Structure formats: structure tokens, C-alpha cells
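Novice:
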Amino acid sequence: MKLSSNTFQHEGYIPERCAFGIKDTENHMALGENKNPQLSWSEIPDNAKSLVLICVDTDVPSSLDNFNKEGKTISKDLPRVNFYHWVMVDIKPENGSVNEGECSDGITPGGKQNPAGPTGSRQGINDYTKFMAGDPEMQGNYFGYEGPCPPWNDEIPHHYRFQLFACDFEICPVNGNFTSEEVIEAMQGHIIDQVELTGLYSLNPDVG
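In the working numbering, the protein residues as written are 1475 to 1682.
(1) In its own chain, which residues sit with a C-beta less than 7 angstroms from the C-beta of Thr1532, not counting the 5 before and 5 after it?
(2) Taking Gly1663 as the reference, which of Ser1654, Asn1649, Ala1640 has the closest Cα?
(3) According to DSSP, is Thr1532 part of a helix, a strand, or is it coil?
(4) By the 10 Å Cβ neighbour count, where 16 or more other Cβ atoms means buried, how is Ile1528 classified, buried or exposed?
(5) Note the first and the last residue of the continuous alpha helix (DSSP H) segment covering Glu1670.
(6) In the DSSP assignment, what residue or residues form a beta bridge with Phe1494?
(7) Between Asn1569, Leu1677, Ser1676, Thr1603, which has its C-alpha nearest Pro1583's C-alpha?
(8) Along the chain, where does the alpha helix (DSSP H) containing Asp1604 start, and where does it finish?
(9) I'd like to know whether the C-beta atoms of Phe1494 and Asn1508 end up nearer to each other than 8 angstroms.
(10) Answer with buried or exposed for Asn1600, where buried requires no fewer than 16 other C-beta atoms within 10 angstroms of its C-beta.
(11) By the 10 Å Cβ neighbour count, where 16 or more other Cβ atoms means buried, how is Gln1597 classified, buried or exposed?
(12) Following the continuous beta strand (DSSP E) through Ala1504, name the residue where it begins and the one where it ends.
(13) Looking at the structure shown, is Leu1658 part of a helix, part of a strand, or coil, going by DSSP?
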């Protein structure tokens, strides 16, 4: 299997237009265009009945004590946890790509409710649902893609891993407001092949 993008190169930086947050000289961070990147896949196994797409940031600080705090830095040595930015299931193998901005083009306070996607596909909620909880202006169920917005005082660039799975089921056995974790559990024993494309992003001007 192959997974590529004409929006960014593997292990290269994701452009600001695909981010939830962008650098701002006065406030450290401003809201971005939040476009999903273009993705193309090929060489899918003949026996694959559907594809699953997940995007996960594997570099989120395990402690939020110094998160975006003036005069503080998030150490590169701090343990890191996952933050899921996108989950899409029931992608037909013959649908070989998604265009930039096809599934997300802008920020919707409270989250996108019916994001566009390839015919027959379904998109679950991402971790902005949890992150925005308690914010009266932004809380809600965030379906589909939301782009990078790492803390602006982090010492390391974050890795955004776009993972494509070829599965032996036509319909992923998840329903409703499903999450990436639920999809990962549902795929166990059903993955034929998988591939990963990684992009970097940082809001720290001293990093990238």
C-alpha cells in the first residue's frame, strides 16, 4: 500500500492552511483555515473491502501544567500521549483520494456535524470534542478533520500520523458518535495491510 499527499511531503511540515492554529506574533496563535490535506492511496490489496483513515498527533504533552503559559516551556522530555484529529471509515478502495479542503475548509464553533467525504464513508468525532468541552463558545461534537494546533511553547515539533488501514469488512462495526479508539478496537483481527504518512507542525517560532 502507498499513501501520499501533494499538500506535504512525508516527514515534512504541514502547511498553515491545513492547521487549526497558526503562528501569530502578538498572541502566539491565531485560528487557521483548517483545510484537510490532500491524500492519495494506491496498491490496495485485492481482498480489501474497505479502508479506514485515522490522523493522530502522538506528541501531545501528558501534563497540561505549562500548556501555552507565558514564561514556561514544555520540555521535550515530558511523556507524550495521543490526540486524534480525524477518523473516517467505510472508504471504498476504488476511491483513490481526497482533495485538499474536501472534508474540512474552515473552523466551525461547536464542530462540523455532517462533514463531506468520499461516497459511502462515515466520519467520527475527533479529540477536539474533549478539548473544547466546557468552553461555552466552542464546545460540541467535532466530527471529521480538525487540523494541528500544538502548544506554542513546546520544545518539539508534533508528528501528525495519517494512517490508512485496508480491512476485510465492508462496514466498520461502529455507530453514532464513534471515536478513533473505538475504530481501532473494532479493526482488531480485520486489518489486511496498513501504511502511514507523517507530517510535522509547530507553533513555536524557535522550532519550525
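Even for Gly, the Cβ is constructed at its ideal location relative to N, Cα and C.
The structure displayed is predicted, hence computed values, not measured ones.
Specialist: Inspection of the coordinates gives the following:
(1) Arg1554, Asn1556, His1633, Arg1635
(2) Ala1640
(3) strand
(4) buried
(5) Where Glu1670 is concerned, there is no enclosing alpha helix (DSSP H), although the beta strand (DSSP E) it sits in stretches over 1665-1675.
(6) Phe1494 pairs with nothing; no bridge assigned.
(7) Thr1603
(8) Reading off the sequence, residue 1604 comes out as Lys, not Asp. Per DSSP, Lys1604 belongs to the alpha helix (DSSP H) from 1602-1605.
(9) yes
(10) buried
(11) So Gln1597 ends up on the buried side.
(12) 1502-1505
(13) According to the sequence displayed, residue 1658 carries Ile and not Leu. Helix at Ile1658.
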